[in-house]
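Data first, discussion second: the structure below is written as C-alpha cells.
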Amino acid sequence: MQVYILKESNSDSRVAASPDTVKKMKDWGINVVIQDNAGLKSNFSNEEYIKSGATISNEITDISKSDLILKINKPNDDEIALMNEGSVLIASLDPYNNSETLNKLKDKGVTSFAMELMPRITRAQSMDILSSQSNLAGYKAVIDATYLFNKAMPMMMTAAGTIAPAKVIVFGAGVAGLQAIATAKRLGAIVSATDVRMAAKEQVESLGGKFVMVEDDETKDAETSGGYAKEMSEEFKLKQAKLISETLESQDIAICTALIPGKKAPLLISKEQVNSMKPGSIIIDLAAESGGNCECSVAGETNNVNGVTVVGVKNITSTISQDASSLFSKNVLNFLDLLIDNETKELSIDWEDEIVKGILVTKNKEITNEEFI
C-alpha cells in the first residue's frame, strides 16, 4: 500500500505527516511518498523524511499511484483530478462550507474522511484534530495579544512604582479557551471567562479564572450531546450581553474562541462594546473565519477601532506549524491504525465503527451525510 502526503497548496505552513509518523508508517510496511518540500515550513526537511524511510516526489501525478492521500486542508481541483476511484483521502475538509469539493470527490469515487468531524468519545481522543489544534490556537492567541499589548502582563513592584496586572477575558471555555486562560494566568494576568455551558464554570475556576455568566434555567441545557455549545435564545443573549458590557469595559485583552459546528460563529462583542473598551486594548478573534465573535473583526485583518486593536485571526495554527503539524500527523496516524489490518498491512475498514461512520464524508460516489448535500 502506498501513502502520498501532499504539500498544502494554500498559505498553510503545516504538513499532514511528520518524520516520526512517516517512520511509524514505514514500520507498518507502508510505502510513504511525500511531495517535495511539503514539510519545509514546519522545519521538516526532505532529508529528515528520507531518513525516516519516505520517498520524495517531484511529480504531483504520483497521487494517481497511491491508495491513501493525507493532507491538512481540502484538496484543490488539480489534486482531486489525479486521485483514483476507490482511493482514500484523510484531511480537514470543512464539509459544511465546501459542498463543491465534496461533490468533486464524490464524482471521482474517492472515499474521504473529514478529521474535524471526529466524535467526542474517549476512544477517539487521540484522533481529535480539533482538540490538538485548538489547544495550540488558544496558547498562540494569548502570545500574539501579549506581543501587540503595549503594557506588561504581570503585576510588577519596582522602586519606581507598581505596575498593575493586565486583565484578560476569554470568550468560550472549550479547548482553545481553557488553554488561553491557562496561558494568560501563567503570564501573570487577572483572567475571567464566559461560556453558555455551566459545565465550563468548574473548569474555568480550576485554572484560576473568574466565571462570568448569566445563570438561569436556559443555561442548564446549553450543551449538545457532543459537548459543544448550543445556540441560545435572544432573551438570554440580551442578558448575557449586558453582563459582558459591564465586564468588558475594564478589560485589557479579549480572546474570542466561541464556535458552533456548521453554523456562523455567535456574535458576542458588538461595535458599541468595542468602543467602550480602553484605548490600547486588544481583541484576538479566533472565530473570525466563521463570521467572528466580534462585530469589528475581519478574517485575516488587524484593525484599529477607536484605539482598540481587533485581530481577525486566520489559520493561527499555521503560525505555530511545527508543533501543529506534529500533533495533526499523530492524530491522523492514530486514525490510520484503526483502518489498517495488523497482519496484511492493507486497508481493512470497519464501516460500522462509530468513528469511521462519524467522519466519513464520501464513499461509492455518494455523499454519506445528508447535512452536506
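Each residue of the sequence shown is one higher than the last, beginning at 3 in the numbering used here. All C-beta atoms in this analysis are idealised placements derived from N, C-alpha and C, irrespective of residue type, glycine included.
Here SER208 is exposed: its Cβ has fewer than 16 other Cβ atoms, across all protein chains shown, within 10 Å. ALA18 places its beta carbon less than 8 Å from that of PHE330. For THR364, the enclosing beta strand (DSSP E) stretches over residues 362–365.
By the Cβ rule, the segment 121–138 counts as touching the segment 315–326, because three or more pairs are nearer than 8 Å. Distance from the Cα of TYR51 is smallest, within the candidate group ILE351, ILE65, ILE36, ASN60, for ILE36.
Around GLY41, the same chain offers VAL17 as residues with beta carbons nearer than 6 Å, after the five sequence neighbours per side are excluded. Checking the DSSP bridge columns, you'll see THR196 partnered with PHE173. PHE46 is a Cβ neighbour of PRO21, given a cutoff of 8 Å. A Cβ-Cβ contact shorter than 8 Å links LEU288 with ALA139. For GLY314, the uninterrupted beta strand (DSSP E) segment begins and ends at 310–314.
In the three-state DSSP reduction, PHE46 falls in the coil class, being neither helix nor strand. THR113: not part of any alpha helix (DSSP H); member of the beta strand (DSSP E) spanning 113–116, first to last residue.
Short of 8 Å from the beta carbon of LEU119, and not among the five residues preceding or following it, lie these beta carbons of its own chain, in chain order: PRO97, GLY360, ILE361, VAL363.
The C-alpha of ASN48 is placed about 30 Å away from the C-alpha of GLU345.
Within the DSSP bridge table, the entry for ASP287 names CYS258, GLY314 as partners. For LYS244, the closest alpha carbon among the candidates VAL214, GLY176, PRO268 is that of VAL214. Counted as a single uninterrupted DSSP element, the beta strand (DSSP E) harbouring MET159 occupies residues 158–160. Contact between the segment 273–280 and the segment 190–199 is not established, with fewer than three Cβ pairs separated by less than 8 Å. Checking the DSSP bridge columns, you'll see SER59 partnered with GLN37. Taking each of VAL177, MET129, ALA161 in turn and checking the Cα distance to LYS142, the smallest one comes out for VAL177.
Contact between the segment 102–111 and the segment 337–351 is not established, with fewer than three Cβ pairs separated by less than 8 Å.
With a beta-carbon spacing of about 7 Å, LEU349 and VAL90 fall inside the 8 Å limit used to define contacts.
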